[in-house]
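Participant: Mind the numbering: the sequence shown is residues 1288 to 1717 in my numbering, read in order.
Glycine included, C-beta positions come from ideal geometry on N, C-alpha and C.
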Amino acid sequence: MASATRPLAPHRASADLGRPFRWLWASTAASNAGDGITRTLLPLLVVARHPDPAAVAGLTTVNMLPWLLFALPAGVLADRVDRRRIVLVSNVVRGAALLGAALVLATDRPLPLLYALAFLLGVAETLADTAAPAMLPRLVEARHLERANGWLSAAQILLNEMVGPPVAGLLAGLTAAAALATGGTLYALAALLLLGLAPLAGTRPAPAPPGARAGVLRDIRQGLRFVLGHRTLRRTLAASALYGLVFSATFSMLVLLSERTLRLGETGYGLLLAAGSVGAVAGSWLAPRVADRLPTVRLARWSLAGSGAAYVILGLVRRPELTALALAVNGVFMMGWNIPVMSLRQRLTPEDLQGRVMSVSRLCSWGSMPVGATLGGLLAAALSVPAVFVVCGGVLVLGALLLLARLHDEPPAPAAPAAPLPSSEPDDKG
């Protein structure tokens, strides 16, 4: 059955997504490289001076806490203020914080300062990661959203998960100051690249009529009402929350599956993680191409069910090569879910609600992860580590089929004004 939102057409890998998108992609790539370095570096700095599991856990908590505290207000801000400026300022703050930390933390690294740095980076990330996806529908045509999200996802996986961590380890082996300064420089570069976007795309929402601006809480309620009142958005967000639970429950047990069940060492565990990342990169390339030929909701539903099946296989197999293959396949299916469902939300959401819908989406998927990690530990204690993967995978398959059953692609929300194309004449206004 053809998609109702766009005609099916052969995928054109060479199709140009436009100069505005290229600026956004370059900035996103630089900031994700910074993310990959800092997320690996900060725990190393804590462990070097405070080798206590509680101290490391506390670092993760304070870094993720802003998502629980500020995700919904960040969505309101993204719908009120120029989204490009939010991302730009967030990158400037992160760059300045890390460059300052390179000086302050070069010798002494008190735990409160490391926690404060992690919290500040978490706040900036919450703002940037809410505003950036809300910019995308203004920069590319609705029919190209899957392709654009695929490019952004590939940059995130490659630089944040595959390149950033080993680079952080190498730099930390030299000096902590060099590693911190490198991360700060990458964020500064991300901010600089966004300046190229300014004359190409006005991402500021249209001014509201006098008296239309409500308080923050009322704006949050308006966003929640829109999501809960929209059947497709409501069900896909519920599925995202379920996926967050399953992902965190299984990922928290993956190291134990590797060491206790498969008898692999640290290198083997690293190779398993690499296999999952390679699969995700392949999925970020494949998902937009499949989306040109299948309805978006159908692709998302069966990708989510396929990911659940891959988790079941992970719990059943006992050979490392089969485990690596299952993780790679799961990475493909994960992108087959993430990219279409993100594009679907962007397509169905009016321009003035993009930020709030994105913030609710992040809260559902990431807010459920601490609960999932706890449930994974409880299941492993009650049953076994492999049983966590079998049970969670089965729940995900069932949830995908029930939550997304009988959903169909819907017409997109009214399009925002197209981003102005760069003029062929010199810009004499600066």
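Does the Cβ of residue 1462 have 16 or more other Cβ atoms within 10 Å, making it buried, or fewer, making it exposed?
Facilitator: That one is exposed.
Participant: I believe residue 1624 touches residue 1591 by the beta-carbon criterion, under 8 Å. Please report the beta-carbon distance rounded to the nearest angstrom.
Facilitator: With 8 Å as the limit, residue 1624 and residue 1591 qualify as a contact, their Cβ atoms being about 5 Å apart.
Participant: Any idea if residue 1668 is buried or exposed, counting beta-carbon neighbours within 10 angstroms, 16 or more meaning buried?
Facilitator: So residue 1668 ends up on the exposed side.
Participant: Can you give the beta carbon distance from residue 1618 to residue 1564, rounded, assuming they're within the 8 Å contact cut?
Facilitator: Yes, they are in contact, since the Cβ atoms of residue 1618 and residue 1564 sit about 7 Å apart, within 8 Å.
Participant: Using only the alpha-carbon positions, how far apart do residue 1487 and residue 1477 sit?
Facilitator: In this predicted model, residue 1487 has a pLDDT of only 46, less than 50, meaning its place in the structure is not dependable enough to derive any value.
Participant: In terms of alpha-carbon separation, which member of 1470, 1308 and 1609 lies closest to residue 1327?
Facilitator: The shortest Cα separation from residue 1327 among 1470, 1308 and 1609 belongs to 1470.
Participant: Quick one: Cα of residue 1636 to Cα of residue 1525, how far?
Facilitator: When rounded, the distance between both Cα atoms is 17 Å.
Participant: Can you give me the C-alpha to C-alpha distance between residue 1371 and residue 1419, rounded to a whole angstrom?
Facilitator: Distance between the alpha carbons of residue 1371 and residue 1419 is about 7 Å.
Participant: Just the Cα atoms here: how many angstroms apart are residue 1446 and residue 1319?
Facilitator: If I take the Cα positions, the gap works out to 6 Å.
Participant: What are the complete alpha helix (DSSP H) segments, minimum 4 residues, inside the stretch 1520-1595?
Facilitator: Counting whole runs of 4 or more residues, the stretch 1520-1595 contains the alpha helix (DSSP H) stretches 1553-1578.
Participant: Residue 1324 to residue 1474, Cα distance in whole Å?
Facilitator: Cα-Cα distance, rounded: 11 Å.
Participant: Between the alpha carbons of residue 1658 and residue 1412, how many angstroms are there, rounded?
Facilitator: Cα-Cα distance, rounded: 21 Å.
Participant: DSSP three-state label for residue 1684, please.
Facilitator: If DSSP states are grouped into helix, strand and coil, residue 1684 belongs with the helices.
Participant: DSSP state of residue 1454, grouped into three classes?
Facilitator: Three-state DSSP puts residue 1454 in a helix.
Participant: Is it a yes or a no for the stretch 1637-1650 touching the stretch 1361-1368, going by three-plus beta-carbon pairs under 8 Å?
Facilitator: Flag = yes, the stretch 1637-1650 and the stretch 1361-1368 touch.
Participant: From which residue to which residue does the alpha helix (DSSP H) around residue 1395 run?
Facilitator: Careful: residue 1395 lies outside any alpha helix (DSSP H) and carries neither H nor E.
Participant: How big is the Cα-Cα spacing for residue 1307 and residue 1369?
Facilitator: The alpha-carbon atoms of residue 1307 and residue 1369 are separated by roughly 15 Å.
Participant: Using the Cα positions of residue 1686 and residue 1428, report the straight-line distance between them to the nearest angstrom.
Facilitator: So the two alpha carbons sit approximately 31 Å from each other.
Participant: Would residue 1683 pass as a contact of residue 1598 if the rule is Cβ separation under 8 Å?
Facilitator: It is a contact, given that the beta carbons lie within the stated cut-off.
Participant: Let me make sure I understand the geometry here. Which of 1521, 1528 and 1480 has the alpha-carbon closest to that of residue 1694?
Facilitator: Of 1521, 1528 and 1480, the residue nearest in Cα terms is 1521.
Participant: For the stretch 1574-1590 and the stretch 1548-1566, state whether three or more C-beta atom pairs, one from each stretch, are separated by less than 8 Å.
Facilitator: Touching, no, given that fewer than three Cβ pairs across the two stretches are closer than 8 Å.
Participant: Do residue 1435 and residue 1404 count as a contact pair if the criterion is CB distance below 8 Å?
Facilitator: No, these two residues do not count as a Cβ contact at 8 Å.
Participant: Since residue 1693 is in the alpha helix (DSSP H), which residue starts that stretch and which ends it?
Facilitator: Residue 1693 -> no alpha helix (DSSP H), and no H or E assigned at all.
Participant: Less than 8 Å between the CB atoms is what I'm expecting for residue 1650 and residue 1359, so what's the real figure, rounded?
Facilitator: Contact holds; Cβ gap of about 7 Å.
Participant: Give me the Cα-Cα distance between residue 1430 and residue 1414, rounded to the nearest whole angstrom.
Facilitator: So the two alpha carbons sit approximately 26 Å from each other.
Participant: Quick one: what's got a C-beta closer than 6 Å to residue 1498's C-beta in the same chain, skipping five residues either side?
Facilitator: At residue 1498, the pLDDT of 47 sits below 50, so the modelled position is not reliable; the number obtained from the coordinates is stated separately. There are no such residues.
Participant: For the putative contact between residue 1310 and residue 1483, defined by C-beta atoms under 8 Å, what is the C-beta separation to the nearest angstrom?
Facilitator: Indeed, because the Cβ distance is near 4 Å, the residues count as touching under 8 Å.
Participant: Is DSSP giving residue 1433 helix, strand or coil here?
Facilitator: Here residue 1433 sits in helix by DSSP.
Participant: Does the ligand PLP have even one heavy atom less than 7 Å from the beta-carbon of residue 1330?
Facilitator: Here there are no bound small molecules, and the ligand PLP is not part of this structure.
Participant: Smallest Cα separation from residue 1589: which of 1691, 1305 and 1480?
Facilitator: Measuring from the Cα of residue 1589, the nearest candidate turns out to be 1691.
Participant: Going by other Cβ atoms of all chains shown within 10 Å of its Cβ, with 16 needed for buried, is residue 1397 buried or exposed?
Facilitator: With fewer than 16 Cβ atoms within 10 Å of its Cβ, residue 1397 is classed as exposed.
Participant: Assuming residue 1535 contacts residue 1663 (C-beta within less than 8 Å), just tell me the rounded distance between them.
Facilitator: Rounded, the Cβ-Cβ distance is 7 Å, consistent with contact.
Participant: Can you tell me the Cβ-Cβ gap for residue 1680 and residue 1595, rounded? I've got them flagged as a contact below 8 Å.
Facilitator: Right, their Cβ atoms sit about 5 Å apart.
Participant: How many Å lie between residue 1627 and residue 1620 at the Cα?
Facilitator: Between residue 1627 and residue 1620, the C-alpha separation is close to 11 Å.
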